[in-house]
Amino acid sequence: MGKKKSFSKSEHLCGEKRITRLFTEGEAFIAFPLRVVFLIEKGNDLEPASILASVPKKRFRRAVKRNFLKRLMRESYRINKHDILEKLKEKELQIHIAFGYVSDDEMDFQKIEKKMKMALQRLIEMI
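Under my numbering, the first residue of the sequence shown carries the number 192, and numbering increases by one thereafter.
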């Protein structure tokens with residue numbers, strides 16, 4: 192079990208230009224309750240994958256719930272990211288991913304993790 196299961200700052204997608212480019216040029220699909228927007232490109236940045244998690248204020252008024260759901264999405268990504276990272280390193284590609292929460296209901300960790308696995312598997316097939 193020598194796999195590192197961390198989620199460092201360098202794996203966070205930040206910067207207005209990178210995020211804008213992701214949403215304008217990227218492709219999207221839905222693995223309910225997650226909407227996944229991704230952009231695959233060649234290049235060797237610091238990390239092969241960088242992600243963004245968002246929960247709309249329109250659906251969850253309280254910041255506590257929004258932050259909790261974002262934390263669950265990041266944690267489920269952190270636990271299940273190794274397959275996609277291996278595939279990206281193998282093909283020398285880089286991916287930017289935005290996970291948006293689209294459900295009106297708050298879901299538990301098991302459901303979010305199950306859908307995250309499905310979304311990551313679909314991304315692996317597209318690479």
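In this text, a Cβ means the ideal position worked out from N, Cα and C, and glycines have one as well.
Predicted model only: the values in this text are computed from it and were never measured.
- DSSP places Leu311 in the uninterrupted alpha helix (DSSP H) bounded by 300-317.
- The closest CA to that of Ala244, considering only Lys261, Ala310, Lys282, is found on Lys261.
- For the stretch 239-304, the continuous alpha helix (DSSP H) assignments of 4+ residues that do not extend past its boundaries occur at 254-271, 273-282, in sequence order.
- For Ile286 against Leu230, the beta-carbon gap comes to about 7 Å, under 8 Å, which counts as contact.
- Annotated three-state conformation of Lys233 is strand, per DSSP.
- Per DSSP, Phe214 is one residue of the alpha helix (DSSP H) stretching across 207-216.
- Here the C-alpha atom of Lys233 lies approximately 14 Å from the C-alpha atom of Met317.
- In the DSSP secondary-structure assignment, Leu225 is bridged to Ala222, Tyr292.
- Non-local C-beta neighbours of Met298 in its own chain, meaning closer than 7 Å and more than five positions away in sequence, comprise Pro224, ordered along the chain.
- Burial state of Leu237 is exposed, judged by a 10 Å Cβ sphere holding fewer than 16 other Cβ atoms.
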